[in-house]
Amino acid sequence: MGSRLEMLCLSSERDSSTADVSAPPDKSPSADTLGYDELLHEYTQLRERSLRTTNALASAAHDLKTPLAILNGYVELLRSEKLGSLNDRQRDVLRDMHSSGQRLQQFIHDFLSYSALETGEMKTRYETGDLNVCLSEVCRLWSHRFQERGLAMYFLANDKLSPFAFDSAKIERVTSNLLENASKFTPAGGTVWLHAEPYMWERRGTASAGVSSERRRQSTSLPNSVKVSVSDTGPGIAPEYHIEVFDDFFRLPRNESQEGMGLGLAIARRLVNAMGGKIWVESEPGNGCKFSFIIPLKPSVGAATKGKNK
102 MGSRLEMLCL SSERDSSTAD VSAPPDKSPS ADTLGYDELL HEYTQLRERS LRTTNALASA
162 AHDLKTPLAI LNGYVELLRS EKLGSLNDRQ RDVLRDMHSS GQRLQQFIHD FLSYSALETG
222 EMKTRYETGD LNVCLSEVCR LWSHRFQERG LAMYFLANDK LSPFAFDSAK IERVTSNLLE
282 NASKFTPAGG TVWLHAEPYM WERRGTASAG VSSERRRQST SLPNSVKVSV SDTGPGIAPE
342 YHIEVFDDFF RLPRNESQEG MGLGLAIARR LVNAMGGKIW VESEPGNGCK FSFIIPLKPS
402 VGAATKGKNK
């Protein structure tokens with residue numbers, strides 16, 4: 102669905118595809134030009150096909166939202182015992198129904214978000230606010246889930262963060278996806294930390310040679326971005342998966358039976374990219390994970406324009 106996948110598909114389907122390339126008789130195009138035009142034609146076709154498929158699936162997912170919400174509502178009504186008392190067996194059945202309904206609702210929510218990002222329908226809105234307040238609210242919403250799983254969660258507020266313009270909905274979604282990921286893979290009794298800090302982000306190519314980038318960032322007193330991190334005491338991720346883990350529908354080999362569609366981190370990556378930022382993971386097997394993302398303190402011209410045009 103992303104450009105990486107599509108380019109891989111191009112190499113495997115090139116022999117069976119045709120391109121309508123024409124040129125004036127007296128100006129024969131070079132083989133390189135023909136090859137580029139053919140690849141561009143095939144890429145365009147694959148991209149259009151992918152978007153049609155995504156839109157069709159998104160439409161189906163959207164149609165499921167209302168009946169699923171009704172079913173979940175009736176389950177909640179039965180669990181409240183307003184229609185009559187329940188025995189232990191009935192409570193267990195309704196609890197499982199509630200859990201399954203919530204998972205399906207999350208699948209639909211994830212896919213609709215993915216579809217909106219894939220088709221460019223999700224816009225960016227910047228408003229000046231307090232990031233500590235935003236992140237604190239995310240933690241509050243997730244506190245019950247962490248308690249149910251026997252996990253401790255700590256939010257380390259940072260008084261060095263001044264109000265700045267950011268897209269609160271996107272920040273909340275990215276942070277929620279990272280917390281959800283941590284809650285899935287951190288065993289009971291574990292701990293998860295959420296932290297934000299001012300950060301000096303030096304793009305690749307602007308740094309001085311021979312000096313570690315982390316040391317360079319720490320030496321500056323003029324941060325140009327904010328870094329948000331979620332750390333956990335889970336099993337960790339092998340270095341060879343540090344990039345692939347953000348791919349669409351990716352699951353770690355040992356976790357193929359894990360709940361979810363494999364879209365949480367992919368959606369987080371797309372949202373961070375839409376804000377002009379960067380996301381990555383630091384981890385080693387057995388030593389937990391630290392997922393971090395950075396967003397510029399001042400939105401780029403393109404990002405600000407998106408917010409104004411909606």
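At position 43 of the sequence shown the residue is numbered 144 (my numbering), and the sequence of numbers has no breaks. Where a beta carbon is used, it is the ideal one built from N, C-alpha and C, also for glycine. These numbers were taken from a predicted model, which means no experiment stands behind them.
Supposed close pair residue i, residue j - CB separation, criterion 8 Å
| i | j | result |
| --- | --- | --- |
| Asn-282 | Leu-366 | 6 Å |
| Arg-246 | Ser-284 | 6 Å |
| Leu-364 | Asp-349 | 7 Å |
| Thr-287 | Asp-231 | About 28 Å separates the two Cβ atoms, so there is no contact after all. |
Bounding residues of the beta strand (DSSP E) (the contiguous stretch that carries residue i)
| i | result |
| --- | --- |
| Leu-295 | 292-300 |
| Ala-253 | 253-257 |
| Val-275 | No beta strand (DSSP E) contains Val-275, which is instead part of the alpha helix (DSSP H) from 269-286. |
| Ile-396 | 390-397 |
| Lys-328 | 326-333 |
| Lys-379 | 379-384 |
Closest Cα partner of residue i within the set the options
| i | options | result |
| --- | --- | --- |
| Thr-229 | Pro-264, Glu-385 and Gln-146 | Pro-264 |
| Gly-378 | His-142, Pro-397 and Gly-202 | Pro-397 |
| Leu-241 | Glu-219, Ser-216, Ser-277 and Thr-225 | Correcting the residue identity first, residue 241 is Arg in this sequence and not Leu. Answer by Cα proximity: Ser-277. |
| Gly-387 | His-296, Pro-340, Gln-203 and Phe-351 | Pro-340 |
| Val-293 | Arg-204, Met-198, Leu-252 and Gly-174 | Leu-252 |
| Ser-269 | Asn-173, Asn-233 and Leu-169 | Asn-233 |
| Ile-171 | Glu-139, Gln-206 and Ser-186 | Gln-206 |
| Tyr-227 | Gln-203, Phe-212, Lys-271 and Arg-196 | Lys-271 |
| Pro-168 | Leu-141, Glu-219, Tyr-255 and Gly-202 | Gly-202 |
| Gly-291 | Ile-368, Gln-248 and Phe-212 | Gln-248 |
| Phe-212 | Arg-192, Cys-390 and Ile-368 | Ile-368 |
| Met-198 | Ala-375, Gly-174, Arg-355 and Asn-374 | Gly-174 |
| Glu-149 | Glu-219, Arg-192, Glu-182 and Arg-204 | Glu-219 |
First through last residue of the alpha helix (DSSP H) which encompasses residue i
| i | result |
| --- | --- |
| Ser-237 | 232-249 |
| Thr-214 | The identity of residue 214 in the sequence shown is Ser, whereas the question assumes Thr. Looking at the DSSP string, the run of the alpha helix (DSSP H) that includes Ser-214 is 189-219. |
| Val-346 | No alpha helix (DSSP H) holds Val-346; DSSP gives it neither H nor E. |
| Ile-368 | 365-375 |
With 16 other Cβ atoms within 10 Å as the buried cut-off, status of residue i
| i | result |
| --- | --- |
| Ser-200 | exposed |
| Leu-236 | buried |
| Leu-178 | exposed |
| Glu-238 | exposed |
| Val-176 | buried |
| Ser-384 | buried |
| Leu-147 | buried |
| Gly-389 | buried |
| Arg-190 | exposed |
| Thr-225 | buried |
| Gly-185 | exposed |
Chain-order list of residues whose beta-carbon lies under 7 Å from that of residue i (same chain, five-residue window excluded)
| i | result |
| --- | --- |
| Leu-165 | Ile-209 |
| Tyr-300 | Arg-318, Pro-324, Ser-326, Val-327, Lys-328 and Ile-395 |
| Ala-217 | Met-223 |
6 Å CB neighbourhood of residue i in its chain, flanking five on each side removed
| i | result |
| --- | --- |
| Leu-279 | Val-331 and Phe-392 |
| Lys-399 | none |
| Leu-257 | His-296 |
| His-343 | Val-382 |
| Glu-298 | Asn-259 and Lys-328 |
| Arg-370 | Phe-347 and Ile-380 |
| Gly-221 | none |
| Arg-180 | Leu-195 |
CB contact below 9 Å: residue i versus chain D
| i | result |
| --- | --- |
| Arg-196 | Absent from the structure: chain D. Only one protein chain is present. |
Residue i: CB within 8 Å of a non-hydrogen atom of the ligand GDP
| i | result |
| --- | --- |
| Leu-140 | The ligand GDP is not part of the structure shown, which contains no ligands of any sort. |
Beta-carbon contacts of residue i that lie in its chain and below 8 Å, excluding the five residues immediately before and after
| i | result |
| --- | --- |
| Val-346 | Ile-338, Leu-353, Leu-366 and Val-382 |
| Gly-335 | Ala-283, Phe-286, Thr-287, Pro-288, Gly-291, Gly-389 and Cys-390 |
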